[in-house]
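Numbering (numbering that gives the first Met the number 0), first residue to last: 0 to 274. Beta carbons are placed, not taken as given, at the ideal position from N, Cα and C, and that holds for glycine. Given the structure is predicted, the values throughout are model-derived calculations rather than measurements.
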Amino acid sequence: MSQDLYELLGVSRDADDATIKKAYRKLARQLHPDVNPDPETQEKFKEVSHAYEVLSDPDKRAHYDRGGDPFGGGMGGGFGQGAGFSFTDIMDAFFGGQGGQAQGGRGPRSRVRRGQDALIRLEIELAEAAFGVTHELKVDTAVLCETCKGEGAAAGSHPVTCVTCHGAGEVAQVQRSFLGEIRTLRPCPACRGFGSTIPDPCRDCSGDGRVRSRRTITVKIPAGVDTGTRVQLSGQGEVGPGGGPAGDLFVEIQVAPTTPSSVAATTCCARSACR
Ligand SMILES: [Zn+2]
Ligand SMILES: [Zn+2]
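Dropping the structure here:
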């Protein structure tokens, strides 16, 4: 982390705020994990985000220009966790949040979210690893609840607007202090931020919109895999809350150790790989 922060962003030392912002915006578009998930790029994105965090803050920038450690103390919040920000968050920050919610709040959050990826391990023979093989696999994941089609409400009923927050998903909290009133928004406790409640939840999924199910799928393992290779089956992972799109299923290959039972140890070749 000893790289020059100005160099990281590709700007000169006397660059003004607008130039720095523009440079970071350009880099964030190329390097953001949602766009480019490989680890090296993510590391670079973190560095660039740190650089932007320092150089976009007049105090931190002045401190850095005087030779101070840009990452020692005084951090926290802001862009400290660059990689933790979604692409949309960053773009919203720059473009004033078109497509986002109105000023001052984020609005209710959706009940529908993408599901998680799932991982299962599969042991195959060495010959199968070399030449490829098709296997049947039993997988146990969340699937869409057919009873309520993901909505979470029992037959004949639907989610209703939350009476506590009137659908906003958040409630204002006013605290009095000697400085005056401090008004903060927090997620509505009655609906947990959804803006709606399910008065009569679906019996099969308890309102989650998905149920666990075991099914058999056919996986084609390509030739030339090795222990640790992961075969990705998109959309075969866990269905998300509210019947959201399924994550991916990863099948991790484990090549069974060969046991040269017919070959006595003494007659085995002396190659180091053969023990
Ligand atoms: Zn259901
Ligand atoms: Zn509410």
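{"Item": "Ala117 beta carbon less than 9 Å from that of Thr133", "Value": "no"}
{"Item": "Neighbourhood of ligand 1 [Cβ distance below 5 Å to any heavy atom], ordered by chain position", "Value": "Cys144, Thr146, Cys147, Cys201, Asp203 and Cys204"}
{"Item": "Chain-order list of residues whose beta-carbon lies under 6 Å from that of Ala128 (same chain, five-residue window excluded)", "Value": "Val224 and Val254"}
{"Item": "Sequence-distant residues of its chain with Cβ nearer than 7 Å to Leu30 (five each side left out)", "Value": "Thr40, Lys43, Phe44 and Val47"}
{"Item": "Residues surrounding ligand 4 [beta-carbon distance to nearest heavy atom under 5 Å]", "Value": "As far as ligands go, the structure on display features ligand 1 and ligand 2 and does not contain ligand 4."}
{"Item": "Residues that DSSP places opposite Ser11 in a beta bridge", "Value": "The partner list for Ser11 (beta bridge, DSSP) is empty, contrary to what the question assumes."}
{"Item": "Residue(s) in a DSSP beta bridge with His62", "Value": "In the DSSP output, where bridge partners are listed per residue, His62 has none listed."}
{"Item": "CB-CB length for Pro188 against Val159, believed under 8 Å", "Value": "At roughly 17 Å, the Cβ-Cβ gap does not stay under 8 Å, so Pro188 and Val159 are not in contact."}
{"Item": "Arg209 vs Leu143 beta-carbon contact at 9 Å", "Value": "yes"}
{"Item": "Touch test, the region 234-246 against the region 160-171, Cβ-Cβ under 8 Å, three pairs minimum", "Value": "no"}
{"Item": "Member of Ser233, Gly194, Thr257 and Tyr51 whose CA lies at the smallest distance from the CA of Val250", "Value": "Ser233"}
{"Item": "DSSP-derived helix/strand/coil call for Leu178", "Value": "coil"}
{"Item": "For Arg185, the three-state DSSP class (helix, strand or coil)", "Value": "strand"}
{"Item": "Test item: CB-CB of Glu135 and Thr215 under 9 Å", "Value": "yes"}
{"Item": "CB of Arg213 within 9 Å of CB of Val138, strictly", "Value": "yes"}
{"Item": "For Asp207 and Gly151, believed in contact at Cβ under 8 Å, the rounded distance", "Value": "6 Å"}
{"Item": "C-beta atoms of Arg185 and Gln172 nearer than 9 Å", "Value": "yes"}
{"Item": "Where Val34 falls, given that 16 or more other Cβ within 10 Å makes a residue buried", "Value": "exposed"}
{"Item": "Cβ-Cβ distance between Leu121 and Leu54 below 9 Å", "Value": "no"}
{"Item": "DSSP beta-bridge partners of Thr196", "Value": "Val159"}
{"Item": "Candidates Ser195, Val218, Ser156 and Ala126: closest to Pro256 by CA position", "Value": "Ala126"}
{"Item": "Reduced DSSP category for Val34 - H, G, I as helix; E, B as strand; rest coil", "Value": "coil"}
{"Item": "Classification of Gln235 by the beta-carbon crowding that lies within 10 angstroms, buried from 16 upward", "Value": "buried"}
{"Item": "Which residues DSSP lists as bridging Glu135, in chain order", "Value": "Thr217"}
{"Item": "Unbroken beta strand (DSSP E) run spanning Ala117, endpoints", "Value": "Ala117 to Ile123"}
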